[in-house]
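The opening position of the sequence shown corresponds to residue 30 in my numbering, with each subsequent residue numbered one higher.
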Amino acid sequence: MHSIYDHVLLAFPSPFLFRHLSHWRFFLRSPPRIVPPRKGSGDLLRLPFSRFNEMGAVESEVTEAIGSFFYDTAAKVFIAGHRGLVGSAIHRKLLALGFTNLLLRTHAELDLTRQADVEAFFAAERPRYVIVAAAKVGGIHANSSYPADFISVNLQIQTNIIDAALRCAGGAVRKLLFLGSSCIYPKLAPQPIPESALLSGPLEPTNEWYAHRLDAISAMPTNLYGPHDNFHPENSHVLPALIRRFHKAKISGAKEVVVWGTGSPLREFLHVDDLADAVVFLMDRYSGLEHVNVGSGKEVTIKKLAEMVKEVVGFEGELVWDSTKPDGTPRKLMDSSKLAGMGWEAKIPLRQGLADTYKWYVDNVTNH
Numbered sequence: 030m031h032s033i034y035d036h037v038l039l040a041f042p043s044p045f046l047f048r049h050l051s052h053w054r055f056f057l058r059s060p061p062r063i064v065p066p067r068k069g070s071g072d073l074l075r076l077p078f079s080r081f082n083e084m085g086a087v088e089s090e091v092t093e094a095i096g097s098f099f100y101d102t103a104a105k106v107f108i109a110g111h112r113g114l115v116g117s118a119i120h121r122k123l124l125a126l127g128f129t130n131l132l133l134r135t136h137a138e139l140d141l142t143r144q145a146d147v148e149a150f151f152a153a154e155r156p157r158y159v160i161v162a163a164a165k166v167g168g169i170h171a172n173s174s175y176p177a178d179f180i181s182v183n184l185q186i187q188t189n190i191i192d193a194a195l196r197c198a199g200g201a202v203r204k205l206l207f208l209g210s211s212c213i214y215p216k217l218a219p220q221p222i223p224e225s226a227l228l229s230g231p232l233e234p235t236n237e238w239y240a241h242r243l244d245a246i247s248a249m250p251t252n253l254y255g256p257h258d259n260f261h262p263e264n265s266h267v268l269p270a271l272i273r274r275f276h277k278a279k280i281s282g283a284k285e286v287v288v289w290g291t292g293s294p295l296r297e298f299l300h301v302d303d304l305a306d307a308v309v310f311l312m313d314r315y316s317g318l319e320h321v322n323v324g325s326g327k328e329v330t331i332k333k334l335a336e337m338v339k340e341v342v343g344f345e346g347e348l349v350w351d352s353t354k355p356d357g358t359p360r361k362l363m364d365s366s367k368l369a370g371m372g373w374e375a376k377i378p379l380r381q382g383l384a385d386t387y388k389w390y391v392d393n394v395t396n397h
């Protein structure tokens, strides 16, 4: 049984897409290559060179596609879905890093579900890098009410972009990053959830990808939150829903806020700016057949989360738990040790991120 605590299931609906992405590799005939930090890479890379040597991760020869993204700031980068929660954070991050040739298209300018339009865009613009952050998303109510809509729209978006990057850009696309969702894993997956839990095991390498010469990688983020989140009263996820409800109760002078369940389920949350940081890191430093989990590595109970939101919002009434309602999956934690081993970690504490998100909500949603 689903509850408000379960993240989007159909935002990125096709686990098989990850398998097909693994086919479109061009140079990886050995385990993923990780290169040591370079001057100017900032605090994204924390492991010293000696630590990389200890890990046995440094190779004498590194392909051009690895370690070059940070320095390719004049290249065309297409961010699909740049106005959404994830895409807007990636947009901000790349601007801060000095990227000057970002390709941004609104839905009115480019309908990603229209194959011919997407193909024409790639043929004309020929981007060097592609980040797929576009999707039709919603909470458990929307997912359960309109499942076919989510599947249809998202498969069209994903297929059109990836296929056009492969066939229509004249070989210009050097690297593509596809963003999935942690809810693509089985409900009863081992905790913390390793990358190998997808489908029946690790992605299977084949020889098909040798012919395509497209460096395609996949990232699997945990539950996300932050500026530009969806605060819709019916279609939002647990964290923005709590922010909206506590704010509404505060403004109306309500004496209590009722939340479903016991508050005992454990969840992991990642600020979207941290995800953007990880996306840039992976674009520059990772090439491999297997997707990469992106999480904070820290769990919080829904009860503690609600109490933190209550405090951040400044609601002084009572928090009431309706234990007659379902709790959802007891625990959902990503195993992000693979990414941590490369030298990346989340920076934004949950409380700080909540305050940041609430301020954005007040400034941009409540007054419109």
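Cβ atoms here follow ideal geometry from the backbone N, Cα and C, with glycine treated the same way.
{"Asked": "Residue from A125, G199 and L114 whose Cα sits closest to the Cα of P156", "Found": "G199"}
{"Asked": "Cut-off 7 Å between Cβ atoms - residues of its own chain near R274, not counting five sequence neighbours on either side", "Found": "V286"}
{"Asked": "Proximity of F151 and M312 at Cβ, strictly below 8 Å", "Found": "no"}
{"Asked": "Identified DSSP bridge partners for A248", "Found": "L208 and V321"}
{"Asked": "Contact set for H111: own chain, Cβ-Cβ below 7 Å, skip 5 residues either direction", "Found": "S117, H120 and L133"}
{"Asked": "According to DSSP, residues forming a beta bridge with R360", "Found": "L295"}
{"Asked": "Outcome for K284 when other beta-carbon atoms lying within 10 angstroms are tallied against a minimum of 16", "Found": "exposed"}
{"Asked": "Coarse secondary structure for W350, derived from DSSP in three states", "Found": "strand"}
{"Asked": "Among N252, Y254, M371 and P269, the one whose alpha carbon lies nearest that of F260", "Found": "P269"}
{"Asked": "The segment 297-315 in contact with the segment 375-383 per 3-pair CB rule at 8 Å", "Found": "yes"}
{"Asked": "Sequence-distant residues of the same chain with beta carbon closer than 7 Å to A218, five excluded per side", "Found": "A226"}
{"Asked": "Sequence-distant residues of the same chain with beta carbon closer than 8 Å to A163, five excluded per side", "Found": "A109, G110, G113, G116, L141, I186 and I190"}
{"Asked": "Contact belief for V296 with V349 at Cβ below 8 Å, rounded distance in angstroms", "Found": "Reading off the sequence shown, one finds Arg at residue 296, where the question assumed Val. Between V349 and R296 the Cβ distance is about 20 Å, and since that is not below 8 Å, they are no contact."}
{"Asked": "Counted within 10 angstroms of its Cβ, other Cβ atoms place V391 as buried (16 or more) or exposed", "Found": "exposed"}
{"Asked": "Proximal residues to Q220 (C-beta, below 8 Å), its chain only, five neighbours per side dropped", "Found": "R360, K361 and L362"}
{"Asked": "heavy atom of the ligand NAP below 7 Å from E138 C-beta", "Found": "Here there are no bound small molecules, and the ligand NAP is not part of this structure."}
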